[in-house]
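Visitor:
Chains as they are written, first to last, in the numbering used here: chain A, 6 to 273; chain B, 6 to 273; chain C, 6 to 273; chain D, 6 to 273; chain E, 6 to 273; chain F, 6 to 273.
1. At which residues does the beta strand (DSSP E) containing residue 248 of chain A begin and terminate?
2. Would you mind reading off the limits of the beta strand (DSSP E) that contains residue 114 of chain C?
3. Would a C-beta distance cut-off of 9 Å place residue 46 of chain A and residue 241 of chain A closer than the cut-off?
4. Under 9 Å between C-beta atoms, does residue 6 of chain F make it to chain E?
5. Look at residue 268 of chain D and residue 230 of chain D and say whether their C-beta atoms are less than 9 Å apart.
6. According to DSSP, simplified to helix, strand and coil, what is residue 45 of chain B?
7. Near residue 255 of chain A, which residues of its chain fall below 7 Å by C-beta distance, leaving aside the five closest residues on each side in sequence?
8. Applying the criterion that 16 or more other CB atoms from any shown protein chain within 10 Å of the CB defines a buried residue, is residue 147 of chain A buried or exposed?
9. Considering only their Cβ atoms, is the gap separating residue 44 of chain D from residue 155 of chain D smaller than 9 Å?
10. So with Cβ pairs under 9 Å, would you call residue 30 of chain F a contact of chain E?
11. Just the chain F side, please: which residues come within less than 8 Å of residue 240 of chain E by C-beta, in chain order?
12. Chain F partners of residue 249 of chain E, CB-CB under 7 Å?
13. Based on the DSSP output, what are the partners of residue 82 of chain A in its beta bridges?
14. If you draw a straight line from the alpha carbon of residue 93 of chain E to that of residue 85 of chain D, how long is it in whole angstroms?
15. Can you list, in chain order, the residues of the stretch 102 to 113 of chain B whose Cβ is nearer than 7 Å to any Cβ on chain A?
16. Is residue 155 of chain E helix, strand or coil by DSSP?
17. Need the endpoints of the beta strand (DSSP E) that residue 240 of chain B sits in, please.
18. Cβ of residue 67 of chain F within 8 Å of any heavy atom in the ligand SAH?
19. Hey, quick one: how far does the beta strand (DSSP E) through residue 70 of chain E stretch, first residue to last?
20. Given that residue 195 of chain E touches chain D, what residues does it touch there, using C-beta distances under 8 Å?
21. Kindly confirm or deny that the stretch 182 to 199 of chain D and the stretch 65 to 82 of chain D touch, where touching means at least three C-beta pairs closer than 8 Å.
22. So is residue 273 of chain E buried or exposed if we call it buried at 16+ other beta carbons inside 10 Å?
23. Quick one: using the 10 Å Cβ neighbour count with 16 as the cut-off for buried, is residue 111 of chain B buried or exposed?
24. Please list the terminal residues of the continuous beta strand (DSSP E) segment that includes residue 143 of chain F.
25. Note the first and the last residue of the continuous alpha helix (DSSP H) segment covering residue 259 of chain B.
26. From what residue to what residue does the beta strand (DSSP E) around residue 177 of chain F run?
27. Mind reading off the beta-carbon distance from residue 101 of chain E to residue 149 of chain E? Whole number of angstroms is fine, and I expect it under 8 Å.
28. Are any of the Cβ atoms in chain D nearer than 9 Å to that of residue 55 of chain C?
29. For residue 126 of chain C, does the three-state DSSP call read helix, strand or coil?
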């Protein structure tokens with residue numbers, strides 16, 4: 006089976022607004038093939054950044070959404086039963102190592118431990134991936150790089166990366182964009198005017214301040230884009246904000262009231 | 006395998022009585038293909054609303070009742086062993102993404118985590134579904150939309166949607182209809198006269214006020230329809246209410262007595 | 006595979022002694038195809054009642070004894086591997102929905118959650134059963150009805166039906182028959198004379214009063230029938246009662262003594 | 006596949022010494038085909054009694070040693086994959102129901118719940134065994150009877166038979182034989198003289214009095230037989246008792262000392 | 006498949022130094038085919054003793070290292086899928102019962118419960134092994150004997166043999182050899198001179214006295230042999246003792262210091 | 006299947022800087038084929054040492070990264086289903102035992118218990134590996150040696166090697182290299198000048214002093230190499246240290262500030 010490298014290329018430039026020197030630093034990390042960890046809260050643009058870098062570096066990108074039922078076999082590959090015996094099917098990590106793609110393991114901490122151990126030999130000087138069940142040892146393509154994402158707010162005692170895994174990555178911190186930048190993003194992504202977009206960003210600010218005071222997470226840029234989309238489509242500002250910003254994130258009556266007040270005050 | 010889109014269409018208009026602007030707001034969400042979360046208590050009409058919108062928008066609807074043993078494979082698909090090797094069988098989510106259906110995941114929080122992670126790439130700008138085991142990346146049909154339901158009363162610390170999932174949906178709150186509307190619904194669905202229907206609705210009100218004071222949930226519209234059906238069939242009002250409203254929801258002697266008194270007083 | 010409806014018919018009238026209006030009320034529920042929940046303690050005649058109603062309505066009856074290892078596949082069906090590929094085998098619930106049987110899920114709360122969720126679309130206005138693994142949507146036969154049993158004494162926080170399941174059923178309460186009725190039952194089932202049968206019923210009463218005071222459950226009608234059977238066969242009253250009534254239900258020395266005294270006093 | 010009934014017959018009379026009226030009472034239970042539960046401590050002769058009754062009644066006996074990994078399929082049967090498709094293989098319970106054997110489930114409480122639920126329809130008026138996976142309903146052979154064993158000392162809150170299972174059985178209590186009887190048993194089984202056998206029985210009595218005071222269980226008749234066997238073979242009494250009676254049951258230094266003293270005193 | 010008995014014979018006399026009358030007592034147990042349990046701490050020679058007895062009795066020996074993932078099938082056998090259907094493969098216990106070997110289950114308490122229950126019928130008067138999945142009942146070969154090992158220091162409330170298992174075995178207690186004997190063993194196994202060997206044994210004594218005071222187990226004879234081997238090979242006494250005796254068994258700084266002092270003092 | 010020994014040879018001398026007499030002592034352990042345990046914190050060079058010794062001894066090296074989902078079959082081998090039946094596939098441990106490789110089980114304590122028990126017969130005088138599922142007993146090649154790694158900082162009550170496993174190994178303690186040596190390593194591996202490399206080592210020292218005071222582990226040599234690599238590539242010292250040393254190992258604001266201060270002070 007020959008895998009077509011091109012199908013994993015990001016063909017269109019993703020819209021990405023740099024928040025600091027992260028683009029240059031990622032380029033340095035990639036030049037030296039250091040494994041990379043992107044950290045930050047839900048919906049702040051971690052996946053978008055990785056997609057943007059893959060486009061900028063013109064490398065294939067293979068993304069895997071990790072989950073607690075994912076096994077090493079889901080990453081590495083398995084035997085399929087066929088009419089004339091079994092056939093080996095490469096998993097996404099193996100494919101990436103073979104073709105020289107950036108392999109992005111999204112929320113890797115969710116996966117089972119065997120999944121995190123399997124990446125170890127790919128992230129040190131060996132740059133190899135042993136396919137134990139197939140009896141093959143893959144040397145990673147020179148272009149291959151491993152990237153993982155990590156949300157510090159989620160980790161618990163029971164579920165965290167081990168230091169022996171963490172200490173294999175150079176790390177980037179992400180956060181929500183600042184108000185001016187986020188306003189530009191909203192306006193550019195939805196066509197909403199900058200003034201109204203700025204008001205939405207202000208409501209986002211109120212919610213983010215409530216994090217830890219009744220909210221697990223603030224309102225993400227993604228949800229602000231949802232609200233802007235609905236308003237641009239003619240939906241009433243109050244309706245759009247309630248359904249896109251408040252109702253999805255909390256059922257707490259007090260928090261809802263606080264946020265609803267902020268909405269009414271902002272768009273009065 | 007060609008899937009017949011028509012078999013998933015809702016051919017007859019479901020009876021649905023709007024409680025507010027939810028029909029218009031859902032239409033705006035669908036126009037912008039925002040993923041939608043419908044929230045509310047047991048039996049208040051969430052599934053009926055989604056069915057009604059599918060009919061109104063004339064789109065196929067694929068419903069999946071989620072449960073804690075459901076895996077990502079149940080949604081996405083799996084290989085079947087056949088006489089001449091294995092054959093891939095699309096799961097309901099994959100089918101919906103291919104044919105452009107509204108995919109409705111009922112009580113999604115019951116499912117295992119891998120199930121909720123699998124919907125992530127379908128609910129952001131990518132609108133894709135990677136079939137890792139098949140090595141295929143599906144781009145969702147332009148008509149595809151994802152809808153999930155969520156009962157806020159059920160969630161516990163152990164079992165809740167993660168914020169990284171919640172923040173991918175615009176949300177609609179549902180509740181039991183108000184008394185006048187619910188009376189109309191009972192009368193229309195069962196043929197019972199409005200006066201008697203109104204009395205049943207009053208008993209429903211009593212039970213809903215006991216929620217949190219000995220009852221986990223109030224009496225749903227569905228159970229009121231059951232009682233109305235039995236009474237229309239000639240069953241004695243007390244018998245019908247006891248067997249359709251009280252016995253199903255509680256074994257607590259005090260609550261039963263309170264509700265039985267309300268029934269006797271109402272139909273005395 | 007054509008399933009012979011007749012094999013599931015109850016051909017002989019089961020002996021059933023009504024305790025109230027339950028036969029008429031069940032008939033009304035069946036006429037309107039309301040799903041039914043039968044509640045009550047161990048061995049009080051719940052299964053017998055359902056069997057009797059199936060006989061009276063002349064409908065096929067398919068009974069499934071639920072257990073905590075039962076999966077949705079056990080109810081709905083599965084693929085069997087055969088010489089020339091796989092063959093689908095309907096489960097008991099699917100068979101019942103196809104042929105129009107009463108499907109009786111005994112002690113449904115014991116089953117895993119996926120089992121209880123799978124019955125939801127069969128218990129609302131849809132009356133459908135999606136066979137996700139087969140890609141088929143079954144519309145239930147007009148004669149189909151779902152019945153479940155439920156023992157309120159057993160439920161714990163960890164293992165109870167969810168309100169979203171409970172609120173799909175009209176419910177019937179059962180309890181042990183009153184003394185006169187139970188005496189008649191013993192005499193009729195075993196041929197024992199009414200006087201001796203009455204004495205056994207008295208011992209049953211003593212044990213039922215100990216429920217919650219050292220006994221988890223009282224002595225069921227079934228065990229009284231065992232004792233009557235042994236006595237009719239010539240076994241000494243004390244021996245029969247000890248081995249059929251006391252030894253099976255408790256190892257507590259105090260409770261045993263209390264019950265043994267009651268036996269000796271009754272048959273002195 | 007025709008199963009040869011004869012292979013399950015007990016061809017030689019097992020040595021069994023009745024302790025009371027249990028033989029006659031079991032015969033009455035069998036005449037009326039009541040399911041039977043045999044209760045008692047480790048190694049007191051429960052299995053021997055059932056074997057003896059099977060011999061006396063001249064019925065085939067099928068014994069299943071239950072364990073916590075045993076599933077309903079292990080009892081009922083399963084499909085085997087063969088060259089030309091799958092073949093059904095009856096489990097031991099199914100075989101017993103077909104040929105009319107006494108089916109003895111040893112330590113049934115160890116088995117998983119699905120195992121105990123599967124026996125329910127075989128233990129009430131239905132006397133049937135549904136093979137759900139095969140779509141067959143077996144009517145038990147008229148000679149079939151179910152027997153289970155149960156050690157009251159073992160049960161915990163987590164692992165006990167449910168009352169809905171217990172109340173399907175007539176129960177027999179067993180205990181260690183009294184001293185005279187046990188002496189006869191030792192002498193007869195090993196050829197040891199009665200005087201020495203009586204001394205061993207005395208040591209057994211000391212250990213049984215320590216039950217609950219440092220010992221979980223007393224010394225079983227089986228271990229006394231071991232010691233007698235070794236002594237008859239010329240092993241020194243102290244050595245035989247230490248290795249057959251004391252070392253197997255405890256590592257507690259104080260208890261060992263107490264028992265060793267008893268041994269030395271007895272055989273001094 | 007004919008199994009070659011000879012391949013399981015112990016062809017060379019294992020070096021074994023008796024500590025008491027255990028050889029004669031084991032012979033008596035074997036003559037009467039009593040099942041045997043060998044108890045004692047890690048590395049004190051339990052396995053060596055069983056190997057020696059198998060050699061002395063000239064019987065085949067089949068050893069199984071038990072573990073918590075071992076199932077009854079791993080012991081008894083299973084069906085293998087082959088080109089023309091399935092083929093049964095005897096497990097080690099079944100092979101031993103067929104050919105008349107001594108079957109040695111090392112650390113049996115580690116295995117899952119189904120494994121310990123499966124040995125019950127082999128350890129009482131029946132001496133049979135039912136292969137439920139194959140529908141075959143094996144009568145053990147007259148030479149067959151079952152031996153299990155057991156480390157009393159390991160057992161916890163969660164993981165211990167049940168009394169109903171323990172009371173099927175005659176038991177042998179083992180412990181580390183006394184100083185003189187252990188010195189002889191070291192010298193004979195490694196060729197080290199007796200004086201130096203005696204010093205190593207003294208260090209072993211220090212460590213064994215620390216058991217329960219910071220050490221879970223003392224230093225085994227095996228580790229002393231390691232140290233002697235390294236010293237005989239020219240390694241410095243301090244280096245050899247540190248790497249073979251201290252570093253493997255503890256990371257506790259205080260315990261290490263105590264042991265290191267003992268080493269330095271002994272070899273100063 | 007013939008396995009090519011050469012493919013497992015380490016063909017290029019790995020860069021390894023001895024910290025003490027560990028090379029000579031390992032050679033002595035290998036000469037006597039003692040199993041070896043290498044202990045030490047994350048990223049201190051344990052794997053590099055084993056690789057170096059395999060190169061120096063000119064023996065094949067087979068490395069297995071252990072994880073909690075790894076089973077004995079993953080080590081030993083399994084049957085694969087093929088067109089004409091099943092085929093046995095040796096696992097890495099079996100291959101190593103056959104060809105005489107050094108088998109290195111990295112972080113063995115992560116593996117399931119059956120994995121650690123399976124190595125027992127390979128680590129005592131038997132030097133055998135029973136393939137129970139294949140019915141074969143492998144005698145290890147004379148060159149075979151088993152090496153395991155172990156991080157003492159990770160072990161908990163729930164997850165530790167049993168003494169019966171530990172006492173089969175000679176052990177080597179590892180730690181981070183001292184400052185001068187580590188500076189040399191950084192300079193040699195990345196080409197950075199010694200002065201700057203020395204400053205990085207100083208920052209590493211600060212972090213290692215925080216272990217147990219807010220940090221689970223200190224900064225590994227590996228991460229220092231990352232930082233040196235980035236600096237050599239022209240990245241600003243502060244950026245390089247933050248992304249390679251601080252961000253990967255902690256999200257604690259106080260610890261971050263402490264480390265950031267140390268970085269700024271060092272490179273001011």
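We put the CB at the ideal spot given by N, CA and C, even for glycine.
Guide: Looking at the coordinates:
1. In the first chain, counting from the first residue as 1, residue 248 of chain A sits at position 243. First-last for residue 248 of chain A: undefined, no H or E at that position.
2. Within the third chain, the letter at position 109 stands for residue 114 of chain C. Element bounds for residue 114 of chain C: n/a, residue is neither H nor E.
3. Looking up residue 46 of chain A in the first chain gives position 41. Looking up residue 241 of chain A in the first chain gives position 236. Result no, Cβ atoms of residue 46 of chain A and residue 241 of chain A do not sit closer than 9 Å.
4. In the sixth chain, the residue the question calls residue 6 of chain F occupies position 1. Confidence is the limiting factor: at residue 6 of chain F the pLDDT is only 43, short of 50, which leaves the residue's position unreliable, though a coordinate-based value still follows. Chain E contact via Cβ: absent.
5. Taking the fourth chain and counting its residues from 1, one reaches residue 268 of chain D at position 263. Taking the fourth chain and counting its residues from 1, one reaches residue 230 of chain D at position 225. Against a cut-off of 9 Å, the Cβ pair of residue 230 of chain D and residue 268 of chain D comes out as no contact.
6. For the purposes of this step, residue 45 of chain B is taken as residue 40 along the second chain, with counting starting at 1. Residue state, collapsed to three classes: coil.
7. One-based indexing of the first chain puts residue 255 of chain A at position 250. Result list for residue 255 of chain A: 220 and 261, in chain order.
8. As a working mapping, residue 147 of chain A is identified with position 142 in the first chain. Residue 147 of chain A comes out exposed.
9. The residue you call residue 155 of chain D lines up with position 150 of the fourth chain. The residue you call residue 44 of chain D lines up with position 39 of the fourth chain. Yes. Within cutoff.
10. The residue you call residue 30 of chain F lines up with position 25 of the sixth chain. It does; some Cβ of chain E falls within 9 Å.
11. Indexing the fifth chain from 1 puts residue 240 of chain E at position 235. Neighbours of residue 240 of chain E on chain F, chain order: 30 and 33.
12. Position 244 of the fifth chain, counting from 1, holds the residue named residue 249 of chain E. Those are 175, listed as they occur along chain F.
13. If you number the first chain from 1, residue 82 of chain A lands on position 77. In the DSSP output, where bridge partners are listed per residue, residue 82 of chain A has A/95.
14. Here residue 93 of chain E refers to the residue found at position 88 when the fifth chain is read from its first residue. Here residue 85 of chain D refers to the residue found at position 80 when the fourth chain is read from its first residue. Cα to Cα, the separation comes out at about 11 Å.
15. none
16. Locating residue 155 of chain E in the fifth chain gives position 150, where the first residue counts as 1. Looking at residue 155 of chain E - three-state DSSP - the assignment turns out to be strand.
17. Numbered from 1 along the second chain, position 235 holds the residue referred to as residue 240 of chain B. Note, residue 240 of chain B: premise wrong, no beta strand (DSSP E); not H, not E.
18. In the structure on display, the ligand SAH does not appear, and there are no ligands present to speak of.
19. Taking the fifth chain and counting its residues from 1, the one referred to as residue 70 of chain E is at position 65. First-last of the beta strand (DSSP E) with residue 70 of chain E: 66 to 70.
20. Within the fifth chain, the letter at position 190 stands for residue 195 of chain E. By Cβ distance, chain D contributes nothing, its closest Cβ being about 32 Å from residue 195 of chain E, past 8 Å.
21. no
22. As a position in the fifth chain, residue 273 of chain E is number 268, starting the count at 1. Answer is exposed; the Cβ neighbour count stays below 16.
23. Here residue 111 of chain B is taken as the residue at index 106 of the second chain, counted from 1. Buried is the call here.
24. Taking the first residue of the sixth chain as 1, we reach residue 143 of chain F at position 138. Counting along the chain, the beta strand (DSSP E) containing residue 143 of chain F begins and ends at 141 to 144.
25. As a position in the second chain, residue 259 of chain B is number 254, starting the count at 1. From DSSP, the alpha helix (DSSP H) with residue 259 of chain B extends over 258 to 272.
26. As a working mapping, residue 177 of chain F is identified with position 172 in the sixth chain. Where residue 177 of chain F is concerned, the enclosing beta strand (DSSP E) stretches over 175 to 178.
27. By 1-based counting over the fifth chain, the position of residue 101 of chain E is 96. By 1-based counting over the fifth chain, the position of residue 149 of chain E is 144. That pair is a contact at about 6 Å.
28. Within the third chain, the letter at position 50 stands for residue 55 of chain C. No, residue 55 of chain C lies away from the interface with chain D (no Cβ there is under 9 Å from its Cβ).
29. Start at 1 with the first residue of the third chain, and residue 126 of chain C comes out as number 121. Three-state DSSP puts residue 126 of chain C in a helix.
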